[in-house]
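Residue numbers (our numbering), protein chains in the order written: chain C, 1 to 782; chain B, 783 to 985.
All C-beta atoms, glycine included, are put in the ideal place defined by N, C-alpha and C.
To keep things clear, I will list the structure first and then write my remarks on it.
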Amino acid sequence: MTTEVVDMITVVVDGFEVSVPKGTLVIRAAEKLGIQIPRFCDHPLLDPVGACRQCLVDIEINGRAFPKPQASCTIPVEPGMIVKTQLTSPVAEKAQRGVMELLLINHPLDCPVCDKGGECPLQNQAMSNGQGETRFEGVKRTFQKPINISSQVLLDRERCVLCARCTRFSEQIASDPFITLNERGALQQVGIYENKPFESYFSGNTVQICPVGALTGAAYRFRARPFDLVSTPSACEHCASGCDMRTDVRRGKTLRRLAGDDSTVNEEWNCDKGRWAFKYVTSVDRLTTPMVRNASGELIPASWPEALAAAAKGLKASKAAVLVGGRATYEDAYGYSKFARVALGTNDIDFRSRLSSNEEREFLAARVVGSTTTYLDIDRADHVLLVGFEPEEESPIVFLRLNKQVRKRALKVTAIATKLSIGVEKLKGEFVKVAPGAEAAAIASQSLTSKSVILVGERAAESAGVLSAVAALADSSNAKIAWIPRRAGERGALEAGAIGNLLPGGRPVSDASARVDIAAVWGSNSLPSAEGKSTQEIYAAVNAGEIGALVVGGVDPLDGEDSQSALAALEKAFVVSLEIASSAVTQHADVVLPVAAVTEKSGSFLNWEGRPRSFDAAVQDSLNRSDLRILSMIAQEMGTSINLGTVSAAIKEISSLGKWEGTRASMSKVSASAQPTVSGDQFILTSWRRLLDLGTLQQGEENLAGTARKTVAVISPKRAGALGVVDGDKLKISTSLGSVTLSALVEDIHDDAIWAPRNSRGSQLLVNLGVAHGAVVSVVKV
Amino acid sequence: MSEQLEPLKKSEISVNDIAYTKMQTGESVGLLGHLKGFLVPFSKIFKKTLTVEYPEVKAPTAERFHGRHQLNRHPDGLEKCIGCELCAWACPADAIYVEGADNTPENQMSPGERYGKVYQINYLRCVFCGLCIEACPTRALTMTNEYELADESRAKLIFEKEDLLAPLRQGMLMPPHPMYPDMDESNYYKGEVKQSHPSQDVK
Numbered sequence: 001m002t003t004e005v006v007d008m009i010t011v012v013v014d015g016f017e018v019s020v021p022k023g024t025l026v027i028r029a030a031e032k033l034g035i036q037i038p039r040f041c042d043h044p045l046l047d048p049v050g051a052c053r054q055c056l057v058d059i060e061i062n063g064r065a066f067p068k069p070q071a072s073c074t075i076p077v078e079p080g081m082i083v084k085t086q087l088t089s090p091v092a093e094k095a096q097r098g099v100m101e102l103l104l105i106n107h108p109l110d111c112p113v114c115d116k117g118g119e120c121p122l123q124n125q126a127m128s129n130g131q132g133e134t135r136f137e138g139v140k141r142t143f144q145k146p147i148n149i150s151s152q153v154l155l156d157r158e159r160c161v162l163c164a165r166c167t168r169f170s171e172q173i174a175s176d177p178f179i180t181l182n183e184r185g186a187l188q189q190v191g192i193y194e195n196k197p198f199e200s201y202f203s204g205n206t207v208q209i210c211p212v213g214a215l216t217g218a219a220y221r222f223r224a225r226p227f228d229l230v231s232t233p234s235a236c237e238h239c240a241s242g243c244d245m246r247t248d249v250r251r252g253k254t255l256r257r258l259a260g261d262d263s264t265v266n267e268e269w270n271c272d273k274g275r276w277a278f279k280y281v282t283s284v285d286r287l288t289t290p291m292v293r294n295a296s297g298e299l300i301p302a303s304w305p306e307a308l309a310a311a312a313k314g315l316k317a318s319k320a321a322v323l324v325g326g327r328a329t330y331e332d333a334y335g336y337s338k339f340a341r342v343a344l345g346t347n348d349i350d351f352r353s354r355l356s357s358n359e360e361r362e363f364l365a366a367r368v369v370g371s372t373t374t375y376l377d378i379d380r381a382d383h384v385l386l387v388g389f390e391p392e393e394e395s396p397i398v399f400l401r402l403n404k405q406v407r408k409r410a411l412k413v414t415a416i417a418t419k420l421s422i423g424v425e426k427l428k429g430e431f432v433k434v435a436p437g438a439e440a441a442a443i444a445s446q447s448l449t450s451k452s453v454i455l456v457g458e459r460a461a462e463s464a465g466v467l468s469a470v471a472a473l474a475d476s477s478n479a480k481i482a483w484i485p486r487r488a489g490e491r492g493a494l495e496a497g498a499i500g501n502l503l504p505g506g507r508p509v510s511d512a513s514a515r516v517d518i519a520a521v522w523g524s525n526s527l528p529s530a531e532g533k534s535t536q537e538i539y540a541a542v543n544a545g546e547i548g549a550l551v552v553g554g555v556d557p558l559d560g561e562d563s564q565s566a567l568a569a570l571e572k573a574f575v576v577s578l579e580i581a582s583s584a585v586t587q588h589a590d591v592v593l594p595v596a597a598v599t600e601k602s603g604s605f606l607n608w609e610g611r612p613r614s615f616d617a618a619v620q621d622s623l624n625r626s627d628l629r630i631l632s633m634i635a636q637e638m639g640t641s642i643n644l645g646t647v648s649a650a651i652k653e654i655s656s657l658g659k660w661e662g663t664r665a666s667m668s669k670v671s672a673s674a675q676p677t678v679s680g681d682q683f684i685l686t687s688w689r690r691l692l693d694l695g696t697l698q699q700g701e702e703n704l705a706g707t708a709r710k711t712v713a714v715i716s717p718k719r720a721g722a723l724g725v726v727d728g729d730k731l732k733i734s735t736s737l738g739s740v741t742l743s744a745l746v747e748d749i750h751d752d753a754i755w756a757p758r759n760s761r762g763s764q765l766l767v768n769l770g771v772a773h774g775a776v777v778s779v780v781k782v
Numbered sequence: 783m784s785e786q787l788e789p790l791k792k793s794e795i796s797v798n799d800i801a802y803t804k805m806q807t808g809e810s811v812g813l814l815g816h817l818k819g820f821l822v823p824f825s826k827i828f829k830k831t832l833t834v835e836y837p838e839v840k841a842p843t844a845e846r847f848h849g850r851h852q853l854n855r856h857p858d859g860l861e862k863c864i865g866c867e868l869c870a871w872a873c874p875a876d877a878i879y880v881e882g883a884d885n886t887p888e889n890q891m892s893p894g895e896r897y898g899k900v901y902q903i904n905y906l907r908c909v910f911c912g913l914c915i916e917a918c919p920t921r922a923l924t925m926t927n928e929y930e931l932a933d934e935s936r937a938k939l940i941f942e943k944e945d946l947l948a949p950l951r952q953g954m955l956m957p958p959h960p961m962y963p964d965m966d967e968s969n970y971y972k973g974e975v976k977q978s979h980p981s982q983d984v985k
């Protein structure tokens, strides 16, 4: 690690000397002394623009004074600079008052109905730096209000002070320049293109940084006042980016979530899903009491002791396995991991309730667990390779970080993918077009250096040989690997050993000393030594009668590759389901135990870096218990003990285990499978999930769903010509299992491939077609 | 210095250290003196009585007495409350709870965009200070002179919006109904709407 040598410059602000790095803006040098200059347009993460003129100060350099007050947010410090703010210069003070008066001329006095009232920089600074009385007697300019610039962002134009924070954010940070300043003079206003609403995945940030109430969120509009809300620092449960968040709750109900400030992870931003998808917690079908299936096959509400006894009895009766979804917190996943080994005596546990492979499991054990690649490595990389990973859709903050480096220093990004995506286009990335399933060969031909980073998504597991090729490329070039799953809990579940081949801390199950290590802490005599089964193998084993009972937590059986076999297994086995709401699993379960949602419990997620993102219960006094607590109770009932009554007990135990220092599991090389040839109406299907789709955690968010991208089927110009298809024509994609009919979009995609969103409205591929990637489908124009 | 600042120890004070003086007794007042004391009640016998036989007789309060609150209406019946929560903000006793919501064309409760969907005043907490009515930007919340607020349970002393809303007067229509034709909320605030318009009656 090299530390850059920084030139320091000393300036005088209001008579106090301060030394700041060269290039620092005057407004920040003053901040360092604790002198606050009023401002609206200035934002530390956006380029200076000097739009609002509120931060005027008197500046003098080496005895020569500027003739007029200057905007301190646009002028960098210089040696010999003497700055006088409103505190010491009557001229600056008068200038600021004047600017404030001008800003307020057309600003409506509707603070009582404005959402920003009470936390409004304009309101606050008008009180601290403005006049008490207005001298303006004319009629204020009014606009029709509010206008929807997207289904989730509303614009009240007369409140706008034209600071251009929102337009600069959209252009500079999100690279979604869908909003801009139109017109000139008094009529200047924020506007959208005529036929293009503000459908950015990051639009919520503009609402948060708007210094007045001009941009407001449709879902929060008129709901509450800042003093109503109890704010709790929290972590986002939606993806593996690991955003720092703030959850605002009134009377037990989450009303809004805001991006937290963590310069190492999400800076001050987050995505719209993290900000606006939280109503699932209060969705109507929340489970409230335990339920037990009676002799006639009905689920009947039961008391906790009754349900726990039934669960324990069923789990003791036959061989059992554990399926835990990728949404569990680190501590809960650790609970499942320990429960499987200690209470059930098996390594049959898997957190990957999605398309996965055994190659991936070996890759995770050999390369990912304990890995220390971070956002900082992206900042320093000379080349970033994306494999099976669509940053904007699957980990938006990784996209923002890549975008920042692309804009700042033209970071080279290469995407190995079947289809050119909007995200890669925005990153000005090199698009290496491959047929679905043929990614491995393209990876092998990449040349990287030791400063490069390979970002591998969870979809890399969907084509055989890809992860082997990634490992080989990393070995030959010394490039760093980062595995970025989609779900927030997957990295934590991996570190907690909620997978068949690893124990907590990345200890290989096959290593006897690793097992002894863990057994000593857990106080058990021995741990099972055979490597456990994967999700698919567990379902198959249930259907073959080898496993008789399942503990299932947070799993959607329709996310896997063979949902029929999954549903059959759930029907056949004795299922103990730990869930927040009724689902396909609870329908088949024999014992249903309601658990706490993320806002109701404390815990942590490990983001893709492995960085703990801990959070406290935002909703106090919830009666719901965490998975961890319930597993402890079941274990107790079974006559064993996992001793994990609380999250802090789990954290203590995890830290006492430490990391595995021994040899890592190795990975056997898997070669790519033979590529199918397609002709005529045959295509190879490829897909990924969009950020905003039919995900379970986005239920009940109509405003959010309104900005989801259109559901289309993408084919190449050449094949479109052969089929006689133009944009907007209906295409029917079918397999032996079923079909979906979607509008066609002709775009840059491999000629053999057809792309469709994996889980969007009208296109739930795994349910409708039974396949999602690499399978041959037939396509006809209808 | 420091020694003198030490607190006195118990043993350092004895009974003899405390100075006392003998109580002074006045001169004897005599029989007439005692009767003089009865002059006051005797003289009041022939004056007008001020005692009010509450609750049989209820004297009017002072004009600006702080009694139970009332949520007022515009002359056409729309509610004045816009759900801004400034009353709740101003309340030093945390007695007011408000939730705002959107007015929609089908459900217009007040002029403008916003109305108070939930409005509760907890009279177990209210100290009748009147800061809430000072804070109200639309004069929606005022105080009546009604002071009889005793009840038999805690729950009954949390007044809901229905309990606080002013009754409909002559010319008023029960909301929800649309705003007066060709008027917007600023006309309402300026008092230019005098009564409801026939077109506002949606029933």
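Sorted by chain position, which residues of the same chain lie with C-beta nearer than 6 Å to residue i's C-beta, five sequence neighbours on each side aside?
i, result
"A584/C", "P557"
"S318/C", "G548 and A549"
"E362/C", "M667"
"R354/C", "D559"
Please identify the residue among the options whose C-alpha is closest to the C-alpha of residue i.
i, options, result
"I481/C", "A333/C, A471/C and G489/C", "A471/C"
"R141/C", "I349/C, N106/C and D621/C", "N106/C"
"F683/C", "L154/C, V322/C and P436/C", "P436/C"
"P919/B", "G819/B, E930/B and S968/B", "S968/B"
"R159/C", "Q172/C, K116/C and I173/C", "K116/C"
"Y929/B", "T831/B, G815/B and T843/B", "T843/B"
"R275/C", "L33/C, P44/C and I397/C", "I397/C"
Identify the contact partners of residue i in chain B, using a Cβ-Cβ distance below 8 Å as the criterion.
i, result
"V576/C", "In chain order: nothing, as chain B lies at least about 40 Å away."
Name, please, each residue of chain B whose Cβ falls closer than 7 Å to the Cβ of residue i.
i, result
"F143/C", "Neighbours of F143/C on chain B: none; closest Cβ ~13 Å, over 7 Å."
"R159/C", "Result: empty, since nearest Cβ-Cβ is about 13 Å, beyond 7 Å."
"R225/C", "E867 and W871"
CB-CB under 8 Å to residue i, same chain, minus the five flanking residues each way: which ones, in chain order?
i, result
"V6/C", "P21 and K22"
If you reduce the DSSP assignment to three classes, tell me which class residue i lands in.
i, result
"T599/C", "helix"
"D983/B", "coil"
"Q86/C", "coil"
"F227/C", "helix"
"E785/B", "Its pLDDT being 47, under 50, E785/B is placed unreliably by the model, and the measurement read from it follows with that caveat. Here E785/B sits in helix by DSSP."
"K253/C", "strand"
"R380/C", "helix"
"L122/C", "helix"
"M1/C", "For M1/C, the predicted structure reports a pLDDT of 45, less than 50, and the residue's modelled location is therefore unreliable. A value from the coordinates is still provided. Coil at M1/C, not helix or strand."
"V975/B", "coil"
"H773/C", "coil"
"W269/C", "coil"
"K840/B", "coil"
Can you list the residues of chain A that residue i reaches, using a CB-CB cut of under 7 Å?
i, result
"P919/B", "Here chain A cannot be found, since the structure's protein chains are C and B."
Suppose the cutoff is 7 Å on Cβ atoms and the five residues either side in sequence are ignored; what does the same chain contact list for residue i look like?
i, result
"M965/B", "E974 and V975"
Anything in chain C within Cβ reach of residue i, meaning under 7 Å, just list it in chain order.
i, result
"G865/B", "F222"
"A883/B", "F222"
"R735/B", "This structure cannot speak to residue 735/B, because chain B is shown only from 783 to 985."
Secondary structure, beta strand (DSSP E): runs of 3+ residues fully inside the segment 522 to 588 of chain C: 549 to 553 and 574 to 579
Report the residue ranges of all alpha helix (DSSP H) runs contained in full by the segment 326 to 389 of chain C; include only those spanning at least 4 residues, in chain order. 330 to 338, 358 to 363 and 375 to 380
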